[in-house]
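Trainee: Can you read through this structure? Questions will come right after.
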Amino acid sequence: MPTTETTPVLIVGGSLVGLSAAVFLSWHGVPVVLAEKHLGSSLHPRAIGYTTRTLEHFRATGVELPASMQNIKPPRRARVESLAGAWLEEYPWTPGGKGGSYGSEESPVHATAIAQDALEPILRERARQLGADLRTGTEVLDLAQDADGVTATLRRRADGHEYRLRARYVVAADGATSPIREALGIARHGAGLLSVQRSILFTAPALEAYLEKGVVQFEIEQPDFQAFLTTYSDGRWVLMLGDDVERSAEEEFRAVRRAIGRDDVPVEIVTTGRWELAALIAARFSAGRVFLAGDAAHQLPPNRGGFGANTGIDDAHNLAWKLAAVLAGRSGPELLDTYDAERRPIANLRHDQLFARADYKAYLKTPDSAVQVLDDAAIELGQLYRSAAVIGAGDDLPPARTPSQWTGQPGTRAPHLEILLDGQTHSTLDLFQPGWVLMSQDERWAAPAVSASAELGIPVCFVRIGGEVTVVEPQAFPAAYGLGAAGATLVRPDGYIAWRAVQAPVDPALALTEALSVVAAAASAAPGEGGQDSREPAVDARF
């Protein structure tokens with residue numbers, strides 16, 4: 006079975022996170038092969054809510070989504086006897102939180118609702134448009150690492166044909182039970198298994214009238230029957246039962262009718278499922294040349310913050326530009342170490358936030374959580390990265406704040422401001438990605454950007470605020486970015502601030518060159534040679 010194919014990156018798993026990784030990497034110009042054992046999306050729609058930051062990623066990479074199925078306002082939840090019975094209490098989107106808008110006022114986009122099985126085809130199409138090689142019905146049997154890359158054995162399920170593929174790096178987006186993570190011996194920690202859920206997906210068009218109040222999630226409470234009912238706002242509903250009981254078809258219909266509170270409504274059951282509700286975080290997000298993403302890295306149960314799928318999509322976005330930079334020879338392989346350094350603390354933060362909130366407080370082993378509930382906007386748009394790819398994210402800073410509480414500190418997402426460019430209204434976010442951007446109100450930073458770029462072989466685009474780009478509210482820029490009139494800020498390809506000079510240093514060219522060399526892990530190899538990754542390879546992953 007000779008090795009006949011090569012690819013810079015192999016992605017294992019073709020659900021939301023794997024497909025997002027294919028889009029982001031291809032958009033950065035990295036050829037990828039994606040292997041997915043199934044032929045298409047799951048019969049279960051699964052996730053539905055996609056947050057502001059996820060939409061920013063999609064917007065930047067040309068992923069166009071239809072209008073939200075639940076408008077742009079956060080949906081609400083109710084505790085009810087049944088859908089048609091007594092409504093006992095209505096909840097805001099995030100009990101205990103202060104927001105719920107995911108910082109939509111801090112962004113040019115809004116959170117949206119689209120069923121996962123409707124989103125995945127859009128991501129597949131965009132990935133193919135960008136050149137990704139998507140191989141459905143293909144499973145990965147094993148991975149063998151060495152100093153130069155990873156050899157994968159793949160099998161087409163349709164005819165059993167096996168072949169080898171050689172990749173420089175592997176992204177393991179193969180789900181919560183990740184065979185790759187298990188084969189690599191990476192342990193997990195966290196609250197663990199919470200329950201085993203049984204789900205019943207059904208259609209019942211007559212129920213749409215119960216959605217007029219904007220409530221789309223219902224906690225069913227009866228003396229001998231507790232369940233969770235929600236809608237995908239496309240005619241489909243799912244009933245979730247936490248008792249892990251196998252039911253006959255008639256018993257499934259009876260459970261649905263009890264939750265509805267009516268037996269005169271036509272109901273068609275589409276499919277059923279069994280899945281684990283768990284909260285577990287991998288002890289490390291990489292091993293050698295293999296990187297865990299999505300549920301393989303962090304299994305986070307469904308919640309009103311949308312932490313599961315959105316955290317995984319953010320993983321893929323963080324990793325994509327780093328792989329692209331290393332593969333192009335602009336950065337050394339040590340840049341890849343910052344993926345774990347940046348993303349694992351975010352997963353831990355979100356795990357802890359889950360159990361500080363009402364949804365999962367019941368699973369706490371102590372009377373109350375000592376964790377302060379953060380605003381949704383802080384978790385979504387105000388997380389802080391600390392790593393070698395950031396200079397100045399001090400230990401005195403909190404792990405997250407709302408965007409309005411940050412003032413352009415390194416390690417934070419570069420703020421959105423409305424700008425005018427070529428007579429059109431845009432966002433500062435449109436200035437970022439796919440490369441490095443230096444912003445200042447002072448034209449004298451243009452020459453340092455050119456010299457740093459030339460010396461390090463890393464393209465840097467200089468943007469003068471007040472020149473070709475003007476901010477709609479002129480004083481908003483220095484306030485939001487925390488800069489003096491002659492200061493400058495360096496923004497990474499993922500839209501995070503890597504370094505800033507609040508005022509102009511004595512030698513701007515030297516300061517910028519030194520900073521860029523550090524945060525971009527400037528490679529010693531010439532561009533195109535692809536910097537050798539000399540880290541000791543991890544053990545083989547055979548499963």
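No gaps in the numbering here: position 416 of the sequence shown is 421 in the numbering used here, and each next residue is one more. Glycine residues also receive a C-beta, built at the ideal position from the N, C-alpha and C atoms.
1) Quick one: any contact between the segment 298–310 and the segment 111–131, if contact means 3 or more CB pairs under 8 Å?
2) Whole angstroms are fine: how far does the CA of N315 sit from the CA of R294?
3) To the nearest angstrom, how far is it from the Cα of W242 to the Cα of L206?
4) Ordered along the chain, which non-local residues of its own chain (more than five positions away) have a Cβ less than 7 Å from that of G104?
5) If you pair each beta-carbon of the segment 17–37 with each one of the segment 337–353, do three or more pairs fall below 8 Å?
6) Between the segment 507–523 and the segment 458–469, do three or more beta carbon pairs fall short of 8 Å?
7) What are the start and end residues of the beta strand (DSSP E) that includes F207?
8) Looking at the structure shown, is S336 part of a helix, part of a strand, or coil, going by DSSP?
9) Whose CA, out of L135, T143 and G180, lies closest to the CA of E167?
10) By DSSP, does W411 sit in helix, in strand, or in coil?
11) Taking all protein chains shown into account, do 16 or more other C-beta atoms lie within 10 angstroms of the C-beta of P403, making it buried, or fewer, making it exposed?
12) What whole-angstrom Cβ distance do A287 and R406 have, given they're in contact under 8 Å?
13) Is it true that the segment 269–277 meets the segment 199–215, where meeting means three or more beta-carbon pairs spaced less than 8 Å apart?
14) Which residue comes first and which comes last in the alpha helix (DSSP H) that contains F63?
15) In whole angstroms, what separates the C-alpha of P50 from that of H115?
16) Suppose only complete runs of 3+ residues qualify. What are the beta strand (DSSP E) ranges in the segment 104–168, listed by chain order?
17) Going straight from the alpha carbon of L15 to that of V155, what length do you get?
18) Starting from V221, trace the beta strand (DSSP E) in both directions and tell me its first and last residue.
19) Would you mind stating whether E10 and L170 have Cβ atoms separated by less than 8 Å?
20) Mind reading off the beta-carbon distance from Q438 to P498? Whole number of angstroms is fine, and I expect it under 8 Å.
21) According to DSSP, which residues form a beta bridge with Y344?
22) Helix, strand or coil for E10 per DSSP?
23) I need the straight-line Cα distance from D249 to E226, nearest angstrom please.
24) What is the rounded straight-line gap between the Cα of A298 and the Cα of R289?
25) Helix, strand or coil for L244, going by three-state DSSP, please let me know.
26) From the DSSP output, in three-state form, read off L48 for me.
27) Taking the alpha carbon of P483 as the point to measure from, which residue in V201, L124, A40 and A506 has its own alpha carbon closest?
28) Tell me the DSSP secondary structure of G101 in three-state form.
29) Please classify G18 as buried or exposed, where buried requires at least 16 neighbouring CB atoms within 10 angstroms.
30) Kindly indicate the opening and closing residues of the beta strand (DSSP E) around E463.
31) Taking the CB atoms as reference points, tell me whether A375 and L389 lie closer together than 8 Å.
32) Cutting at 8 Å between CB atoms, please list the residues of its own chain near G102, excluding the five before and the five after it.
33) Counting only the same chain and skipping the five closest in sequence on each side, list residues whose C-beta sits under 8 Å from that of I191.
34) Could you give the first and the last residue of the continuous beta strand (DSSP E) run that contains Y96?
35) Classify G533: buried if its beta carbon has 16 or more other beta carbons within 10 angstroms, exposed otherwise.
36) Please report the distance separating the alpha-carbon of E94 from that of D357.
Mentor: Once the coordinates are examined:
1) As far as the Cβ criterion goes, the segment 298–310 does not touch the segment 111–131, which means the pair count is below three.
2) Sequence index remark: in the sequence shown, residue 294 carries index 289 (1-based). Sequence index remark: in the sequence shown, residue 315 carries index 310 (1-based). In this structure, the alpha-carbon of R294 lies about 24 Å from that of N315.
3) Within the sequence shown, the letter at position 237 stands for residue 242. Within the sequence shown, the letter at position 201 stands for residue 206. The straight-line gap from Cα to Cα measures roughly 6 Å.
4) As a first step, residue 104 is located in the sequence shown; it is residue number 99 there, counting from the start. Because the pLDDT of G104 is 46, which lies under 50, any placement of that residue in the model is unreliable, and the number read from its coordinates should be weighed accordingly. Cβ within range, chain order: D380, D381 and A382.
5) As far as the Cβ criterion goes, the segment 17–37 does not touch the segment 337–353, which means the pair count is below three.
6) Three or more Cβ pairs drawn from the segment 507–523 and the segment 458–469 lie within less than 8 Å of each other, which places the two stretches in contact.
7) Residue numbering aside, residue 207 sits at position 202 when the sequence shown is read from its first letter. Per DSSP, F207 belongs to the beta strand (DSSP E) from R193 to T208.
8) Position 331 of the sequence shown, counting from 1, holds the residue named residue 336. Strand, per DSSP.
9) Within the sequence shown, numbered from 1, the residue matching residue 167 stands at position 162. Closest by alpha carbon: T143.
10) Along the sequence shown, one-based indexing puts residue 411 at 406. It is coil, neither helix nor strand.
11) One-based indexing of the sequence shown puts residue 403 at position 398. P403 should be labelled exposed.
12) Residue 287 sits at position 282 when you count from the first residue of the sequence shown. Residue 406 sits at position 401 when you count from the first residue of the sequence shown. Their Cβ separation, rounded to whole angstroms, is 26 Å, which puts A287 and R406 out of contact at 8 Å.
13) Because the criterion of three Cβ pairs below 8 Å is met, the segment 269–277 and the segment 199–215 touch.
14) Stepping through the sequence shown from its first residue, residue 63 is reached at position 58. T57 to A65 is the span of the alpha helix (DSSP H), which, as asked, contains F63.
15) The count along the sequence shown starts at 1 and reaches residue 50 at position 45. The count along the sequence shown starts at 1 and reaches residue 115 at position 110. P50 and H115: Cα-Cα distance of roughly 21 Å.
16) Within the segment 104–168, the complete beta strand (DSSP E) runs of at least 3 residues are 138–141, 143–150 and 155–161.
17) Position 10 of the sequence shown, counted from the first residue, corresponds to residue 15. Position 150 of the sequence shown, counted from the first residue, corresponds to residue 155. Roughly 9 Å separates the two Cα atoms.
18) Working through the sequence shown from its first residue, we reach residue 221 at position 216. Residues V220 to Q227.
19) As a position in the sequence shown, residue 10 is number 5, starting the count at 1. As a position in the sequence shown, residue 170 is number 165, starting the count at 1. Going by C-beta atoms, E10 is nearer than 8 Å to L170.
20) Counted from its first residue, the sequence shown places residue 438 at position 433. Counted from its first residue, the sequence shown places residue 498 at position 493. With a beta-carbon spacing of about 6 Å, Q438 and P498 fall inside the 8 Å limit used to define contacts.
21) In the sequence shown, residue 344 corresponds to position 339, counting from 1. The partner list for Y344 (beta bridge, DSSP) is empty, contrary to what the question assumes.
22) One-based indexing of the sequence shown puts residue 10 at position 5. DSSP places E10 within a strand segment (E or B) once states are collapsed to three.
23) Start at 1 with the first residue of the sequence shown, and residue 249 comes out as number 244. Start at 1 with the first residue of the sequence shown, and residue 226 comes out as number 221. Cα-Cα distance, rounded: 18 Å.
24) For this step, residue 298 is matched to residue 293 along the sequence shown. For this step, residue 289 is matched to residue 284 along the sequence shown. It is roughly 11 Å from the alpha-carbon of A298 to the alpha-carbon of R289.
25) Working through the sequence shown from its first residue, we reach residue 244 at position 239. Here L244 sits in strand by DSSP.
26) Numbered from its first residue, the sequence shown carries residue 48 at position 43. Judged by DSSP in its simplified three-state form, L48 adopts coil rather than helix or strand.
27) As a first step, residue 483 is located in the sequence shown; it is residue number 478 there, counting from the start. Per the Cα distances, A506.
28) Here residue 101 corresponds to residue number 96 of the sequence shown, with the count starting at 1. Reliability fails at G101, whose pLDDT of 49 lies under 50, so the model's placement of it is uncertain and the value that follows must be treated cautiously. Coil at G101, not helix or strand.
29) For this step, residue 18 is matched to residue 13 along the sequence shown. Under the 10 Å beta carbon count, G18 is surrounded by 16 or more other beta carbons and is classified as buried.
30) Looking up residue 463 in the sequence shown gives position 458. Reading the sequence as shown, one finds Ile at residue 463 and not Glu. Run containing I463: none; DSSP gives neither H nor E here.
31) Taking the first residue of the sequence shown as 1, we reach residue 375 at position 370. Taking the first residue of the sequence shown as 1, we reach residue 389 at position 384. It is not a contact, given that the beta carbons lie outside the stated cut-off.
32) For the purposes of this step, residue 102 is identified with residue 97 of the sequence shown, where counting begins at 1. Unreliable placement is indicated for G102, whose pLDDT of 45 sits below 50; the coordinate value is still reported in the next sentence. Result list for G102: R362, V378, L379, D380 and D381, in chain order.
33) Translated into positions along the sequence shown, residue 191 becomes position 186. Apart from the 5 residues on each side of it in sequence, I191 sits with its Cβ closer than 8 Å to the Cβ of A287, A288, R289, A292 and L297 in its chain, given in chain order.
34) Here residue 96 is taken as the residue at index 91 of the sequence shown, counted from 1. DSSP places Y96 inside the beta strand (DSSP E), whose first and last residues are W92 to Y96.
35) Walking along the sequence shown from the start, residue 533 turns up at place 528. Residue placement at G533 is flagged as unreliable, the pLDDT there being 37, under the threshold of 50; the coordinate-derived value follows with that caveat. Around the beta carbon of G533, fewer than 16 other beta carbons lie within 10 angstroms, which makes this residue exposed.
36) Mapped onto the sequence shown, residue 94 falls at position 89. Mapped onto the sequence shown, residue 357 falls at position 352. Roughly 26 Å separates the two Cα atoms.
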